[in-house]
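Chemist:
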Amino acid sequence: MPGSTLLLVLDLVGVLAFAVDGALTATRAARLDVIGVITLGVITALGGGILRDLLIGRVPPATFSDWRYLAVAATGGVLVCLFGYRMGRRRVATTLTVLDAAGLSLFAVTGTSTALAAGLGPVQSVLLGGLTAIGGGTLRDVLIGRTPRVLSSGLYAVPALLAAVVVVISAQLTQTDVVGIGSVWAVLAAGLCFTLRMVGVLRRIDLPGPRQPPLH
Amino acid sequence: MPGSTLLLVLDLVGVLAFAVDGALTATRAARLDVIGVITLGVITALGGGILRDLLIGRVPPATFSDWRYLAVAATGGVLVCLFGYRMGRRRVATTLTVLDAAGLSLFAVTGTSTALAAGLGPVQSVLLGGLTAIGGGTLRDVLIGRTPRVLSSGLYAVPALLAAVVVVISAQLTQTDVVGIGSVWAVLAAGLCFTLRMVGVLRRIDLPGPRQPPLH
Amino acid sequence: MPGSTLLLVLDLVGVLAFAVDGALTATRAARLDVIGVITLGVITALGGGILRDLLIGRVPPATFSDWRYLAVAATGGVLVCLFGYRMGRRRVATTLTVLDAAGLSLFAVTGTSTALAAGLGPVQSVLLGGLTAIGGGTLRDVLIGRTPRVLSSGLYAVPALLAAVVVVISAQLTQTDVVGIGSVWAVLAAGLCFTLRMVGVLRRIDLPGPRQPPLH
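Protein chains in written order, with our numbering: chain A, 42 to 257; chain B, 42 to 257; chain C, 42 to 257.
(1) Just the chain C side, please: which residues come within less than 9 Å of residue 240 of chain A by C-beta, in chain order?
(2) Is there a Cβ from chain B that is less than 7 Å from the Cβ of residue 65 of chain A?
(3) What first and last residue would you give for the alpha helix (DSSP H) that runs through residue 153 of chain B?
(4) At the 7 Å Cβ level, is residue 100 of chain C part of the contact set with chain A, yes or no?
(5) Can you check whether the C-beta of residue 76 of chain B is within less than 7 Å of a C-beta belonging to chain C?
(6) What residues from the region 108 to 125 of chain C come within 8 Å of chain E, judged by C-beta to C-beta, listed N to C?
(7) Are the CB atoms of residue 55 of chain B and residue 118 of chain B within a distance shorter than 7 Å?
(8) Output needed for residue 222 of chain A: all residues of its chain with C-beta closer than 8 Å, excluding positions within five of it in sequence on either side, in chain order.
(9) Using DSSP with H/G/I as helix, E/B as strand and the rest coil, what is residue 43 of chain A?
(10) How would you label residue 213 of chain A, buried or exposed, when you count the other beta carbons within 10 angstroms and need 16 or more for buried?
(11) Tell me which residues share the same chain as residue 152 of chain A and place their Cβ nearer than 8 Å to its Cβ, disregarding the 5 neighbours each side in the sequence.
(12) Out of C:84, C:236 and C:230, which has the shortest C-alpha to C-alpha gap to residue 211 of chain C?
(13) Tell me the residue span of the alpha helix (DSSP H) that contains residue 107 of chain C.
(14) Name, please, each residue of chain C whose Cβ falls closer than 9 Å to the Cβ of residue 105 of chain B.
(15) According to DSSP, is residue 200 of chain C part of a helix, a strand, or is it coil?
(16) Using Cβ-Cβ distances below 9 Å, what residues of the region 183 to 194 of chain B are close to chain C?
(17) Are the CB atoms of residue 184 of chain A and residue 189 of chain B nearer to each other than 7 Å?
(18) Can you check which of these residues, B:101, B:64, B:135 and B:79, is closest to residue 242 of chain B by C-alpha distance?
(19) Is there a C-beta anywhere in chain C that falls below 7 Å from the one on residue 70 of chain A?
(20) Quick check: what's the CA-CA separation for residue 83 of chain A versus residue 197 of chain B?
(21) Would you say residue 229 of chain B lies against chain C (beta-carbon separation less than 7 Å)?
(22) Would a check of beta-carbon distances place residue 208 of chain C closer than 7 Å to chain B?
(23) Between residue 162 of chain A and residue 203 of chain A, what straight-line distance do the alpha-carbon atoms span, to the nearest angstrom?
(24) For a contact defined as C-beta to C-beta under 9 Å, what are the partners of residue 138 of chain C on chain A?
(25) Does chain C have any CB closer than 7 Å to the CB of residue 54 of chain A?
(26) If we define contact as Cβ-Cβ less than 7 Å, is residue 61 of chain C a contact residue for chain B?
(27) When you compare the CB positions of residue 113 of chain A and residue 65 of chain A, do they come within less than 7 Å of one another, or not?
(28) Identify which residue in A:49, A:209, A:148 and A:69 has its Cα closest to the Cα of residue 107 of chain A.
(29) Do residue 150 of chain B and residue 208 of chain B have their C-beta atoms within less than 7 Å of each other?
(30) Report the option in A:226, A:140, A:61 and A:131 whose CA atom is closest to the CA atom of residue 239 of chain A.
(31) Taking only the alpha-carbon atoms, compute the straight-line gap between residue 232 of chain B and residue 138 of chain B and give it to the nearest angstrom.
(32) Helix, strand or coil for residue 185 of chain A, going by three-state DSSP, please let me know.
(33) Output the distance between the C-alpha atoms of residue 53 of chain C and residue 100 of chain A, rounded to the nearest integer angstrom.
(34) Ends of the alpha helix (DSSP H) at residue 193 of chain A?
(35) With a 10 Å radius around its C-beta and 16 neighbouring C-beta atoms as the bar for buried, classify residue 181 of chain C as buried or exposed.
(36) Count the other C-beta atoms from every protein chain shown that fall within 10 angstroms of the C-beta of residue 160 of chain B, then say buried if there are 16 or more, exposed otherwise.
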């Protein structure tokens, strides 16, 4: 579990971001009822963390032990139900991208820190941090039937993995397993991931596809 | 694991209901071969319980330890292969809805009881009971490429969660962790969930969607 | 974990086969960028094993502890990015089928052996071996939005389960839990599965569907 107040705050902000993201996606992409909207928000918000806890062997997952996770996730969904209609279409698209990038960045940091705190090695922690970051969004995409962003979007998994690497390196340098309270590194890593992701979206940067066969 | 004969019976009836549901869905929605039909029946029947056991930390899951689960699930699939063709189209649609509601209700009760028996708290048990109930159907929907019922149908997750709450409250009142043999509460909770689900379907009750933005 | 060099080699060859399979599928079916291609290759290659390790209770999964798994999986994806364009369309289709059959066969053997080595009973080991075999391909299919091969293709799960049965029986006969080094049985079982799968594809053998209702 996150060992510091900063990590808990980052984790819960990430939960809220993904919950609003998932719920808003549900209202615009799928026209679900209020329970469907809140449910998709909760799944997007908690899915990555549950997957990581399963792979670490931490059962029941933290989200089942700490009521605050589910409460924040459900709150995100409820906020969307109450106020989501006020957003115009263009603003929703931008908001979804920003929220998803925020959740991605925050979970990359907190997921990696959680893995380190559980005693996993640096490479494992980077992988699990990346998985925590992309897990909820991938679950959301699969449930509403669209190609997961981790496969279709340039600069999605890579920024998350880079943030995870920064967290692991900073943990080694500061001789701690958990990013310490008020640590600049946590914020830097999340900011790096967020910036890279948003730059990729705004400037339409995509990694090159593999060379394709000639047409003839 | 279910601590009483009643719970085991309810669990296996739920397995059978979901197995026939999944297999019948496979024959009509997807035109699969006999192995595909039986496989989808088994996944629908055992998926929710396996997910719950993973989250409780009970590995290997009960379905791998107790041969009766797989046997009943496979039997449901085989029955559909042998006799499913006899059903007319309208009867299949009704049957699928009833079977799914039955499996949902029974698993909401047995899943919650299993979580309580494993020592989980009341809120956790409600969540895991709900997950057991909707898990198999959601896996089925994802595999055949349709929007999961838990997101698209009104009154699907809510009746399951209500049944789970009844189970938890009755466990507290009777000072047992497991719904006792012959307990009226188990039947009442399952009946409540089934009734709510079927009423919602028959009277086309949907929860309201979130308020949508104005058209202009 | 595989207890012998042979098993490790078979496992890693299976990982490579599924990684190239998943990555090639990504380039032709989904036009993803290089990270998406490598990611789908890695998910296809490691997904079945991760699922099996979760169900056995072996966490973190072997793929997180042994760097060779991820290295081989990523290598498969990179090879496809570098050289995949050279394949003509017809050759790709054949290659995908052969690679998927190879991965299926190898993982049926190594997955079952891993389960036996972890102390699971014969029936459980057959089930988990089958799950390891079909798991990665099913994840790949779900992520790119197509009906999983385990449901749609004749002779897919059955050859895998038969190979698993051969492994379990040979383990009983030779009084070992793990298929011993250089064991003929491992190769025979994998060969049986591969042959059955390819025969089914080449001769368009499908298991019969369940009898369908009359048209009138």
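Glycine residues also receive a C-beta, built at the ideal position from the N, C-alpha and C atoms. Values in this document were obtained by computation on a predicted structure and should not be read as measured data.
Modeler: Working from what's here:
(1) Going along chain C, no residue has its Cβ under 9 Å from residue 240 of chain A, so there is no contact; the nearest lies around 15 Å.
(2) no
(3) 130 to 158
(4) yes
(5) yes
(6) Any reference to chain E falls outside this structure, whose protein chains are A, B and C.
(7) no
(8) Caution applies to residue 222 of chain A, whose pLDDT of 39 falls short of 50 and renders its modelled position unreliable; the value that the coordinates give is listed next. Cβ within range, chain order: 45, 46 and 47.
(9) Its pLDDT being 40, under 50, residue 43 of chain A is placed unreliably in this model, and the value from its coordinates should be taken loosely. Coil.
(10) exposed
(11) 89, 90, 93, 169, 170, 171, 172, 173, 174 and 205
(12) C:230
(13) First-last for residue 107 of chain C: undefined, no H or E at that position.
(14) 96, 161, 162, 164, 165, 168 and 169
(15) helix
(16) 183, 184, 185 and 186
(17) yes
(18) B:135
(19) no
(20) 16 Å
(21) no
(22) no
(23) 16 Å
(24) The premise fails here: residue 138 of chain C is roughly 18 Å from chain A at the closest Cβ pair, so nothing lies under 9 Å.
(25) no
(26) no
(27) no
(28) A:49
(29) yes
(30) A:140
(31) 15 Å
(32) coil
(33) 29 Å
(34) 190 to 193
(35) buried
(36) exposed
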